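A.B. asks: I am attaching a structure below and will ask some questions about it afterwards.
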Amino acid sequence: MKSFVTLFLILLAFGVSAQDYPESYMCYKANADITIDGLLSDEEWAKAKWTNKFVDIEGDKKPKPKYKTRVKMLWDENYFYVAAELKEPHIWAKLKQRDTVIFYDNDFEVFIDSQGDNHRYYEFEINALNTIWDLMLAKPYRDGAPAINAWDIKGLKSAVKIYGTLNDPDDKDKKWTIEIAFPWKVLRECAYQGRKPKSGEQWRVNFSRVNWEIEVKNGKYQKKMNPETGKVYPEYNWVWSPQGVIAMHQPETWGYVEFTDEIVGGKELTPRIDEDYPAKIELIRLYNLEKKMYKKYGKYFNKITSGYGALIETTSKQFLISIQAASGKTLYINQESKIWSE
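The sequence shown runs 2 to 343 under this note's numbering.
Below is the structure:
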């Protein structure tokens, strides 16, 4: 309780609402093998807790999602496991080719930033046909990075279970469930020291669900058209940890997943609070200001008011901002939004 009160006071001091702290989850170790069949019937899953229900990507700015979505996580020596449940009365999917843009269908997405520095992170998408798109990003799109679509998660396991009938408008479906096993031998490529997490370490993770408005024509599902624009209605974006804006590619607002060696179903633990989170958000604020000023004036500025007493170094094309965080560490951000500490 003391750590949460301390965090609340820090957040309050720098204009960040305590409600804006990302979602967090304690990821326990599985004590038995998990069969990836989409059923979520393994005893280990029964012991694991669900996350909070997903919310709109913009948070409280928008209404709550129409359908419930939630996730569980586990890990062992070989895999990071994700289980998802998506309530849905009309389950459909069309895309069958790997590495196509899966969110053109309704989909479920996983985002993983192992070092929490906004760089070298993973995105994974899956539809109800178990068609996947896995990609890596060297840095966020806002900083000019292309997606590395040729990158594949070798050894990945995934499965989908449909509680209803896929692509059949004549009945009402219940839900679809997903199981994914991400192998550490791949995820560790971008992780600290090139390894899987140790007990007590946290990774930044988020989950997204894309859902389209649909209608039935000629006995088939199709995306619903807006008669005023002649275009399909925009998709819903429902997420575990809200982003505040319609943009998944800002890893600084993803959730915290803490890994523990405690076996699932045993000792109850609470994820550690990142006391430096307010300082990281301040760095992002300063980064955004620098970007806006460069766009307007063609240069970066080395003096911006900050409650943290930021030190800003600039050149004609680059900047480096440093501040002192609550932990005593010096945090840095550059013009590509990479965050690190010393």
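Cβ atoms here follow ideal geometry from the backbone N, Cα and C, with glycine treated the same way.
All of these numbers come straight from a predicted model, not from anything done at the bench.
Count the CB pairs spanning the stretch 145 to 164 and the stretch 22 to 39 that are closer than 8 Å, and state whether there are at least three.
C.D. replies: Contact holds: three or more Cβ-Cβ distances are below 8 Å.
A.B. asks: Do you know offhand how far Ala139's Cα is from His120's?
C.D. replies: 5 Å
A.B. asks: Name the residue from Val72, Glu45, Lys318 and Lys221 whose alpha carbon lies nearest to the alpha carbon of Phe55.
C.D. replies: In this structure, Val72 is the residue among Val72, Glu45, Lys318 and Lys221 with its C-alpha nearest to the C-alpha of Phe55.
A.B. asks: Buried or exposed, going by whether 16 or more other CB atoms sit within 10 Å of the CB of Ser1?
C.D. replies: Any answer about residue 1 is impossible in this case: the structure gives the chain only from 2 up to 343.
A.B. asks: First and last residue of the alpha helix (DSSP H) that includes Ile282?
C.D. replies: Tyr278 to Tyr298
A.B. asks: Just the C-alpha distance for Ala192 and Tyr122, rounded to the nearest angstrom, thanks.
C.D. replies: 9 Å
A.B. asks: In the DSSP assignment, find the unbroken beta strand (DSSP E) run with Glu126 in it and report its ends.
C.D. replies: It spans Tyr122 to Ile127 - the beta strand (DSSP E) in which Glu126 sits, taken as one unbroken run.
A.B. asks: Measure the Cβ-Cβ separation of Ile322 and Gly310 and say whether it is below 9 Å.
C.D. replies: no
A.B. asks: Rounded to a whole number of angstroms, what is the C-alpha to C-alpha distance between Asp171 and Ala94?
C.D. replies: 15 Å
A.B. asks: Only counting the same chain, and skipping five residues up and downstream in sequence, which positions put a Cβ closer than 6 Å to that of Ile302?
C.D. replies: As written in the sequence, residue 302 is Phe, which differs from the Ile given in the question. The residues Met294, in chain order, have a CB closer than 6 Å to that of Phe302 in the same chain once the five nearest residues on each side in sequence are set aside.
A.B. asks: On the criterion of 16 or more Cβ atoms from any shown chain inside 10 Å, does Ile154 qualify as buried, or is it exposed?
C.D. replies: Its Cβ being crowded by 16 or more others within 10 Å, Ile154 is buried.
A.B. asks: For the beta strand (DSSP E) containing Lys162, list its first residue and its last residue.
C.D. replies: Lys158 to Tyr164
A.B. asks: So Trp134 and Ile103 are in contact, right, with Cβ under 8 Å, and what is the actual spacing, rounded?
C.D. replies: 4 Å
A.B. asks: Please classify Ser338: is it buried, with 16 or more other beta-carbons within 10 angstroms of its beta-carbon, or exposed?
C.D. replies: buried
A.B. asks: Let me confirm a value: Met2 is counted as buried when at least 16 other C-beta atoms fall within 10 Å, else exposed. Which label applies?
C.D. replies: With a pLDDT of 47 at Met2, under the threshold of 50, the predicted position of this residue should be treated as unreliable, though the coordinate-derived value follows. Per the 10 Å Cβ criterion, exposed.
A.B. asks: Apart from the five residues on each side of it in sequence, which residues of its chain come closer than 6 Å, Cβ to Cβ, to Gly195?
C.D. replies: Only Arg189 meet the Cβ criterion.
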